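A.B. asks: A single structure is presented below for examination.
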Amino acid sequence: MTAVKQTCHPTELDVLFPTPSLPPTVLCPQRFPGTSPEAVEALIHVLKDNHIKYHIFFNELRFHNHVTHRALALYATGASGALIEHFYKQDASHQRPAIEPPEAITEENFIEHLGDDKYYAAYITFFMKSIDTKGVSATLEDYIFSKKYNFVEGRDASTQPVMLIRVVLGLIHPLIHLGYGTEFGMPGMVAEGLAMASVQDSHRLKFLPPSIFERGSTTAVQEITARLASLLLNRKTPIAPSQLDKLQKNHAFSILAKIIHDPQFAPNEMEKYIDDLDGLLVVHGADMWRYAEQWTIDLSQPGEIDRKMEECIWTNTIIYAVGGWSKEKGFAADFNFMHLVTSSLFLSSVLSYLSQDSQVILLRAYFTTSLAWFISRCGPQLDIEGFLGATTLPPSSEGDVTSRANPFLDIVQSGIMHRDDHMLKIQRAFAHFSSVYGSRPKGYFKGTELEGAEALDGTLFFRAARLTGQFMNRDGGRWSFAFKMNEV
Numbered sequence: 000m001t002a003v004k005q006t007c008h009p010t011e012l013d014v015l016f017p018t019p020s021l022p023p024t025v026l027c028p029q030r031f032p033g034t035s036p037e038a039v040e041a042l043i044h045v046l047k048d049n050h051i052k053y054h055i056f057f058n059e060l061r062f063h064n065h066v067t068h069r070a071l072a073l074y075a076t077g078a079s080g081a082l083i084e085h086f087y088k089q090d091a092s093h094q095r096p097a098i099e100p101p102e103a104i105t106e107e108n109f110i111e112h113l114g115d116d117k118y119y120a121a122y123i124t125f126f127m128k129s130i131d132t133k134g135v136s137a138t139l140e141d142y143i144f145s146k147k148y149n150f151v152e153g154r155d156a157s158t159q160p161v162m163l164i165r166v167v168l169g170l171i172h173p174l175i176h177l178g179y180g181t182e183f184g185m186p187g188m189v190a191e192g193l194a195m196a197s198v199q200d201s202h203r204l205k206f207l208p209p210s211i212f213e214r215g216s217t218t219a220v221q222e223i224t225a226r227l228a229s230l231l232l233n234r235k236t237p238i239a240p241s242q243l244d245k246l247q248k249n250h251a252f253s254i255l256a257k258i259i260h261d262p263q264f265a266p267n268e269m270e271k272y273i274d275d276l277d278g279l280l281v282v283h284g285a286d287m288w289r290y291a292e293q294w295t296i297d298l299s300q301p302g303e304i305d306r307k308m309e310e311c312i313w314t315n316t317i318i319y320a321v322g323g324w325s326k327e328k329g330f331a332a333d334f335n336f337m338h339l340v341t342s343s344l345f346l347s348s349v350l351s352y353l354s355q356d357s358q359v360i361l362l363r364a365y366f367t368t369s370l371a372w373f374i375s376r377c378g379p380q381l382d383i384e385g386f387l388g389a390t391t392l393p394p395s396s397e398g399d400v401t402s403r404a405n406p407f408l409d410i411v412q413s414g415i416m417h418r419d420d421h422m423l424k425i426q427r428a429f430a431h432f433s434s435v436y437g438s439r440p441k442g443y444f445k446g447t448e449l450e451g452a453e454a455l456d457g458t459l460f461f462r463a464a465r466l467t468g469q470f471m472n473r474d475g476g477r478w479s480f481a482f483k484m485n486e487v
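Letter 172 of the sequence shown, counting from 1, is numbered 171 in numbering that gives the first Met the number 0, and no numbers are missing.
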């Protein structure tokens, strides 16, 4: 393989990586103060330099290059340009040079080279042209959410393109990369994320059936009306959607509870898949899908997409925080579950670029993937009440009221300076979730089938952030790999 710098003219790079835009919706993370011309200059340099010099996998094991993720998270939390450059030099030191692709990717050979990372740069060029011609939304709709690029009639099951599956594989890194692009208004990040998905190896993982791409009866007028109604000035409902008067039958928590109580997914049955997510999906993918498709998404209810996104966020936070805690051993920050949290941060920005039908498709595919990761770690016990009783909140007595005005600021600051690039990402996620959902009171989730859910309140996100900081800041702090790492 020949190492080469990916060629882009300066003006093209300026279009791909412009000055960051504001988030597309109010449900996206809002920027911390501290932005400066110096920080913008450093960020743009990192994004362009990485785009030109490096491959998306930094080794032959296909570990993901996400140096841009840290740079964007640093920028979003108000870091200086000098700090952005400092961490880029550190993170770029082990990256793999870009590879000259054997040939260009075209509509004719697009499917033939899926999964082959030698074509990463060629897929970037392909998607750059598509975005330039059709825009981000149409490109996502065409290549991720159309049946054409997922299931082709007459093709063998093992050679189906399954682009949506590729987006949620690889510990959900392609979706995360796309999400940075949609959150910050970076077409280059979107093109890279789509190219990453294209070279992601799907193996035999056909756990999402063709039926997921069956479209609803939404007309063009209804679609436009729904999109207009989602704009802030047209909303008559709170920004963070309120709970329905009566919980839907199959809330995400209830689906999780059904899986916990299903004997086929009992820990002793799933132990053989601890280091084999692929094997789990091959054998049990259809079973997991049967649960995921029961998850209620009722588009007749105002605010339903936002509500279902919130369910994913709470579910993944519970899996990570409560699933990582036990009465006997305390809390361990699981590396795989951590990615469930960090990926859920980007649902809001990606969903904002999609049609309503595609929003439903993405949410259901994403939820299925979350369930798969939960099961693959032997479905850890979720002792919600025990977790809440054992974890602490900031001092609330009058004598301590001035000691910690906002403890989340310390948590985010610690994440900014932490040597591990994932720390800031997860703490930024928890800080955002706390700002949007922190006011949820106890009893908000009363009526689901998940034991102890009625005791949850908005403090969950602070508890999770604090435990993460304590675990990762201990001597030699590293993420927990209770079992052999499957993929990064």
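C-beta atoms are modelled at their ideal positions from N, C-alpha and C, and glycine is treated no differently.
Bear in mind the structure is a predicted one, so any value in this text is a computation, not a measurement.
Between which residues of its own chain and Asp557 is the CB-CB distance below 7 Å, once the five residues before and five after are set aside?
C.D. replies: Within the shown structure, residues of the chain are numbered from 0 to 487, placing residue 557 beyond reach of any answer.
A.B. asks: Return the CA-CA distance between Ala371 and Leu344, expressed in angstroms with no decimal places.
C.D. replies: Locating residue 371 in the sequence shown gives position 372, where the first residue counts as 1. Locating residue 344 in the sequence shown gives position 345, where the first residue counts as 1. So the alpha carbons of these two residues sit roughly 19 Å apart.
A.B. asks: Measuring straight from C-alpha to C-alpha, what distance separates Ile175 and Gly192?
C.D. replies: The sequence position of residue 175 within the sequence shown is 176, counting from 1. The sequence position of residue 192 within the sequence shown is 193, counting from 1. If I take the Cα positions, the gap works out to 8 Å.
A.B. asks: Output the distance between the C-alpha atoms of Leu231 and Thr24, rounded to the nearest integer angstrom.
C.D. replies: Along the sequence shown, read from residue 1 onward, the residue named residue 231 stands at position 232. Along the sequence shown, read from residue 1 onward, the residue named residue 24 stands at position 25. Its pLDDT being 37, under 50, Leu231 is placed unreliably in this model, and the value from its coordinates should be taken loosely. Rounded to whole angstroms, Leu231 to Thr24 spans 8 Å at the Cα level.
A.B. asks: Got a sec? Which residues, its chain only, sit under 7 Å from Tyr352 by beta carbon, not counting five neighbours each side?
C.D. replies: Numbered from its first residue, the sequence shown carries residue 352 at position 353. Within the same chain, Tyr352 has close Cβ partners Val135, Ser136, Leu139 and Thr181.
A.B. asks: Any idea what DSSP makes of His172, helix, strand or coil?
C.D. replies: Looking up residue 172 in the sequence shown gives position 173. In this structure, His172 counts as helix in the three-state DSSP scheme.
A.B. asks: Nearest-angstrom Cα distance between Glu303 and Gly437?
C.D. replies: Here the question's residue 303 lines up with position 304 in the sequence shown. Here the question's residue 437 lines up with position 438 in the sequence shown. One C-alpha to the other measures close to 19 Å.
A.B. asks: Measuring CB to CB, does Val340 end up less than 7 Å from Ala428?
C.D. replies: To locate residue 340, count along the sequence shown from 1; it is residue 341. To locate residue 428, count along the sequence shown from 1; it is residue 429. Yes; because the gap between Cβ atoms is below 7 Å, this pair is in contact.
A.B. asks: Over the uninterrupted alpha helix (DSSP H) stretch that includes Tyr352, give me the two end residues.
C.D. replies: By 1-based counting over the sequence shown, the position of residue 352 is 353. That residue, Tyr352, is in no alpha helix (DSSP H); it is neither H nor E in DSSP.
A.B. asks: When we look at the beta-carbon of Asp305 and count the other beta-carbons within 10 Å, is it buried (16 or more) or exposed?
C.D. replies: Here residue 305 refers to the residue found at position 306 when the sequence shown is read from its first residue. The residue is buried, with at least 16 neighbouring Cβ atoms inside 10 Å.
A.B. asks: Which runs of the beta strand (DSSP E) spanning at least 3 residues fall entirely within the region 262 to 290, listed in chain order?
C.D. replies: Correct list: empty.
A.B. asks: Between the C-alpha atoms of Ser35 and Leu298, what's the straight-line distance to the nearest angstrom?
C.D. replies: Translated into positions along the sequence shown, residue 35 becomes position 36. Translated into positions along the sequence shown, residue 298 becomes position 299. If I take the Cα positions, the gap works out to 41 Å.
A.B. asks: Could you tell me which of Ser354, Phe212 and Cys27 sits nearest to Ile572, measuring between CA atoms?
C.D. replies: Since the first and last residues shown for the chain are 0 and 487, residue 572 lies out of range.
A.B. asks: Using 8 Å as the threshold, is the region 104 to 124 in touch with the region 74 to 86, meaning 3 or more CB pairs across them?
C.D. replies: They do not touch, by the three-pair rule.
A.B. asks: I need the boundaries of the alpha helix (DSSP H) containing Cys311, first residue and last residue.
C.D. replies: Residue numbering aside, residue 311 sits at position 312 when the sequence shown is read from its first letter. Its alpha helix (DSSP H) spans residues Glu303 to Ala320.
A.B. asks: Comparing alpha-carbon positions, which option in Pro96, Gly414 and Leu26 lies nearest Phe56?
C.D. replies: In the sequence shown, residue 56 corresponds to position 57, counting from 1. Looking at the Cα atoms, Pro96 is the closest of the given residues.
A.B. asks: Helix, strand or coil, according to DSSP, for Phe212 in the structure here?
C.D. replies: The count along the sequence shown starts at 1 and reaches residue 212 at position 213. Residue state, collapsed to three classes: helix.
A.B. asks: Using the DSSP secondary-structure output, state which residues sit across from Asp333 in a beta bridge.
C.D. replies: Translated into positions along the sequence shown, residue 333 becomes position 334. Partner(s): Ser479.
A.B. asks: Count the CB pairs spanning the region 41 to 54 and the region 148 to 165 that are closer than 8 Å, and state whether there are at least three.
C.D. replies: The region 41 to 54, when compared against the region 148 to 165, does not touch it at the 8 Å Cβ threshold.
A.B. asks: Just curious, the alpha helix (DSSP H) that Thr18 is in, first and last residue?
C.D. replies: Here the question's residue 18 lines up with position 19 in the sequence shown. Looking at the DSSP string, Thr18 is not in any alpha helix (DSSP H), and its letter there is neither H nor E.
A.B. asks: What is the rounded straight-line gap between the Cα of Gly468 and the Cα of Met337?
C.D. replies: Mapped onto the sequence shown, residue 468 falls at position 469. Mapped onto the sequence shown, residue 337 falls at position 338. Their backbone Cα atoms lie some 13 Å apart in a straight line.
A.B. asks: Quick check: the Cα distance between Gly414 and Glu11, rounded to an integer number of angstroms?
C.D. replies: Position 415 of the sequence shown, counted from the start, is the residue given in the question as residue 414. Position 12 of the sequence shown, counted from the start, is the residue given in the question as residue 11. Whole-angstrom Cα-Cα distance: 33 Å.
A.B. asks: Using CA atoms only, rank isn't needed, just tell me which of Asn58, Phe461, Ala41 and Phe125 is closest to His85.
C.D. replies: Looking up residue 85 in the sequence shown gives position 86. When each option's Cα is compared against that of His85, the closest is Ala41.
A.B. asks: Per DSSP, His500 forms a beta bridge with which residues?
C.D. replies: The requested residue 500 does not occur in the structure, where the chain is confined to residues 0 to 487.
A.B. asks: Report the three-state DSSP secondary structure of Trp372 (helix, strand or coil).
C.D. replies: For the purposes of this step, residue 372 is identified with residue 373 of the sequence shown, where counting begins at 1. Helix.
A.B. asks: Alpha carbon to alpha carbon, what distance is there between Met188 and Thr367?
C.D. replies: Reading the sequence shown from its first residue, position 368 is the one you call residue 367. Reading the sequence shown from its first residue, position 189 is the one you call residue 188. Straight-line Cα distance between these residues: approximately 25 Å.
A.B. asks: Can you give me the C-alpha to C-alpha distance between Gln159 and Lys424, rounded to a whole angstrom?
C.D. replies: Within the sequence shown, numbered from 1, the residue matching residue 159 stands at position 160. Within the sequence shown, numbered from 1, the residue matching residue 424 stands at position 425. Looking at the two C-alpha atoms, the distance is approximately 33 Å.
A.B. asks: Using alpha carbons as the reference points, say which of Tyr148, Asp409, Thr390 and Asp333 lies closest to Glu107.
C.D. replies: As a working mapping, residue 107 is identified with position 108 in the sequence shown. Of Tyr148, Asp409, Thr390 and Asp333, the residue nearest in Cα terms is Tyr148.
A.B. asks: Taking the alpha carbon of Ser201 as the point to measure from, which residue in Val281, Gly153 and Leu387 has its own alpha carbon closest?
C.D. replies: One-based indexing of the sequence shown puts residue 201 at position 202. Ranking the options by Cα distance to Ser201, first place goes to Val281.
A.B. asks: With DSSP as the reference, please indicate the residues paired to Ser514 in a beta bridge.
C.D. replies: For residue 514 there is no data in the structure shown, the boundaries of the chain being 0 and 487.
A.B. asks: For Ser325, which three-state DSSP category applies?
C.D. replies: Stepping through the sequence shown from its first residue, residue 325 is reached at position 326. It is a strand residue.
A.B. asks: Check whether the region 272 to 287 and the region 309 to 316 touch, using three or more Cβ-Cβ pairs below 8 Å as the test.
C.D. replies: No, the region 272 to 287 is not in contact with the region 309 to 316.
A.B. asks: Quick one: what's got a C-beta closer than 6 Å to Ser488's C-beta in the same chain, skipping five residues either side?
C.D. replies: Because the chain spans 0 through 487 in this model, residue 488 falls outside it and cannot be assessed.
A.B. asks: Do Ser357 and Phe144 count as a contact pair if the criterion is CB distance below 7 Å?
C.D. replies: In the sequence shown, residue 144 corresponds to position 145, counting from 1. In the sequence shown, residue 357 corresponds to position 358, counting from 1. Closer than 7 Å, so yes.
A.B. asks: Short of 6 Å in beta carbon distance, which residues of its chain neighbour Glu310, apart from the five on each side in sequence? Order them along the chain.
C.D. replies: By one-based count along the sequence shown, residue 310 stands at place 311. These residues qualify, in order along the chain: Ala251.
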